[in-house]
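A.B. asks:
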Amino acid sequence: MGCSLAFLIPFVSLIAVAASGSEGAETVWSGLVIAENVAQPQSVPPELTRIEGSLKKFFGYNQFQVIGQSQKTLKTGQEDWLATSKFFGLHVDARGESAAGYVLNLQLYKEKELLLETDAKLSKRSPLVIKGPQVGSGQLLLVLVIQ
Amino acid sequence: MKTFEEKWTAWLDGKLSGRELSEFETSLPDKATAEAEKADARKLGVLLRRELGVSALTNEEFFSHQLRERIRESSVLSGKRDAKPSTWWTIPRLLWTGTASLAVFLVLTVFVMRDKNPAEESQYLTQILNARVDPVISPNATVSMFEVKQDRVTVLWTEGLQSLPADYAAK
Numbered sequence: 001m002g003c004s005l006a007f008l009i010p011f012v013s014l015i016a017v018a019a020s021g022s023e024g025a026e027t028v029w030s031g032l033v034i035a036e037n038v039a040q041p042q043s044v045p046p047e048l049t050r051i052e053g054s055l056k057k058f059f060g061y062n063q064f065q066v067i068g069q070s071q072k073t074l075k076t077g078q079e080d081w082l083a084t085s086k087f088f089g090l091h092v093d094a095r096g097e098s099a100a101g102y103v104l105n106l107q108l109y110k111e112k113e114l115l116l117e118t119d120a121k122l123s124k125r126s127p128l129v130i131k132g133p134q135v136g137s138g139q140l141l142l143v144l145v146i147q
Numbered sequence: 148m149k150t151f152e153e154k155w156t157a158w159l160d161g162k163l164s165g166r167e168l169s170e171f172e173t174s175l176p177d178k179a180t181a182e183a184e185k186a187d188a189r190k191l192g193v194l195l196r197r198e199l200g201v202s203a204l205t206n207e208e209f210f211s212h213q214l215r216e217r218i219r220e221s222s223v224l225s226g227k228r229d230a231k232p233s234t235w236w237t238i239p240r241l242l243w244t245g246t247a248s249l250a251v252f253l254v255l256t257v258f259v260m261r262d263k264n265p266a267e268e269s270q271y272l273t274q275i276l277n278a279r280v281d282p283v284i285s286p287n288a289t290v291s292m293f294e295v296k297q298d299r300v301t302v303l304w305t306e307g308l309q310s311l312p313a314d315y316a317a318k
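Right, here's the structure in full:
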């Protein structure tokens, strides 16, 4: 009995430590968002609820509408995907995973024109917001969140 | 030369004989009283032998006796064995010591890792490594970046990008 317990305790401890250390595949939400000021703003999409306050504070708009989005589950950290609207396309190319998050290459296209390119280390706990071009009375925003 | 007491004891035990017996009985002042004492002494002897004598063991009692003896001997032996000084580092104790050490190590590791995280919090904010705009399409565009640690949001801020008509907001 005593010996069995002695074997069991380190075994369970190691499993617990391993379980706490390992993390499963994660999903990255990428969205093309039009921010506008309107008289009767619609509610914020659920993906943006977490950063609603920050968006309003930084950009000064009261409505955020998703015009294009993509959800990608990363398994190897080497995937790429596209979030598109009618005129815009956001190409995301994951280039590896680190303890802090994923290294991503982002390219914003207007139809076939490359407007903006950036490399970022997207943290699992920290969303990325990119201010895009002015569109009408609003603003195009690119948002990336690890869910 | 035997004393009177020695001869008296021998007479009571019936160990005098022949001339010695007749001389001793002649020397007795009251032979009838002496004979009565001798008879009492014999009765007492018989009584004592009957009451205090070792009675023969029956088979069951003998077996029980042997068994008890064995048990007593073995308990004495094991007592002697237990009394030997034991080595502290027996295998179970080594195992328990290893287990305890591992548990302490794991607990300390968890605490150290937890303490370490706040100091490295900044690296868990999203970082923008570089950014560029097409100088042909937006020649006056600039980019800047900032992190809002309170909200844990990283913002890439662009200025001077080409403005587009409202139609481009279509889904």
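Listed in order, the protein sequences are those of chains A and B.
Counted the way the working numbering counts, the first sequence spans residues 1 to 147.
Counted the way the working numbering counts, the second sequence spans residues 148 to 318.
Beta carbons are placed, not taken as given, at the ideal position from N, Cα and C, and that holds for glycine.
1) Quick check on the burial criterion: 16 or more other C-beta atoms within 10 angstroms. Buried or exposed for Met260(B)?
2) What three-state label does DSSP hand Ser20(A) in the structure shown?
3) Could you tell me whether the stretch 299 to 318 of chain B touches the stretch 124 to 139 of chain A, using the rule of 3 or more Cβ pairs below 8 angstroms?
4) Just mark Gly101(A) as buried or exposed, buried being the case when its beta carbon has 16 or more other beta carbons within 10 Å.
5) Under the three-state reduction of DSSP, which class applies to Gln147(A): helix, strand or coil?
6) Going along chain A in order, which residues have a C-beta closer than 7 angstroms to the C-beta of Val280(B)?
7) Mind reading off the beta-carbon distance from Trp29(A) to Val135(A)? Whole number of angstroms is fine, and I expect it under 8 angstroms.
8) Given Lys110(A), which residues of its chain have a CB within under 7 angstroms of its CB, disregarding the five upstream and five downstream residues?
9) Can you give me the C-alpha to C-alpha distance between Val66(A) and Lys318(B), rounded to a whole angstrom?
10) Check the Cβ-Cβ distances between Ala266(B) and every residue of chain A, and say whether any is below 8 angstroms.
11) So, is the C-beta of Trp304(B) closer than 8 angstroms to a C-beta in chain A?
12) Tell me, which residues are paired with Trp29(A) by DSSP?
13) In the DSSP assignment, find the unbroken beta strand (DSSP E) run with Asp187(B) in it and report its ends.
14) Going by beta carbon distance, what residues of the same chain come within less than 6 angstroms of Leu116(A), once the five residues before and after it are set aside?
15) Alpha carbon to alpha carbon, how far is Pro60(A) from Lys72(A)?
16) Would you call the CB atoms of Ser54(A) and Val295(B) closer than 8 angstroms?
17) Taking C-beta to C-beta, are Lys121(A) and Leu276(B) nearer than 8 angstroms?
C.D. replies: The short version:
1) Burial state of Met260(B) is exposed, judged by a 10 Å Cβ sphere holding fewer than 16 other Cβ atoms.
2) In this prediction, Ser20(A) has a pLDDT of 47, which is less than 50 and means its spatial position is unreliable; nothing more can be read from the coordinates.
3) Taking a contact to require three or more Cβ pairs closer than 8 angstroms, the stretch 299 to 318 of chain B and the stretch 124 to 139 of chain A qualify as touching.
4) With 16 or more Cβ atoms within 10 Å of its Cβ, Gly101(A) is classed as buried.
5) When secondary structure is reduced to three states using DSSP, Gln147(A) falls in the coil class, being assigned neither helix nor strand.
6) Identification of chain A residues near Val280(B) by a Cβ-Cβ cut-off of 7 angstroms yields Leu115 and Leu116, ordered along the chain.
7) In fact, because the Cβ distance is near 21 angstroms, the residues do not count as touching under 8 angstroms.
8) Closer than 7 angstroms at Cβ, skipping near neighbours: Phe87 and Phe88.
9) Their Cα atoms are separated by approximately 8 angstroms.
10) In this predicted model, Ala266(B) has a pLDDT of only 47, less than 50, meaning its place in the structure is not dependable enough to derive any value.
11) So yes, Trp304(B) belongs to the interface.
12) As a beta-bridge residue in DSSP terms, Trp29(A) pairs with Gln71(A) and Val145(A).
13) Taken as a continuous stretch (DSSP letters only), Asp187(B) belongs to no beta strand (DSSP E), being part of the alpha helix (DSSP H) at Lys178 to Leu199.
14) Contacts found: Leu108.
15) The identity of residue 60(A) in the sequence shown is Gly, whereas the question assumes Pro. Using only the alpha carbons, I get a separation of about 29 angstroms.
16) Yes; because the gap between Cβ atoms is below 8 angstroms, this pair is in contact.
17) Yes, they are a contact pair.
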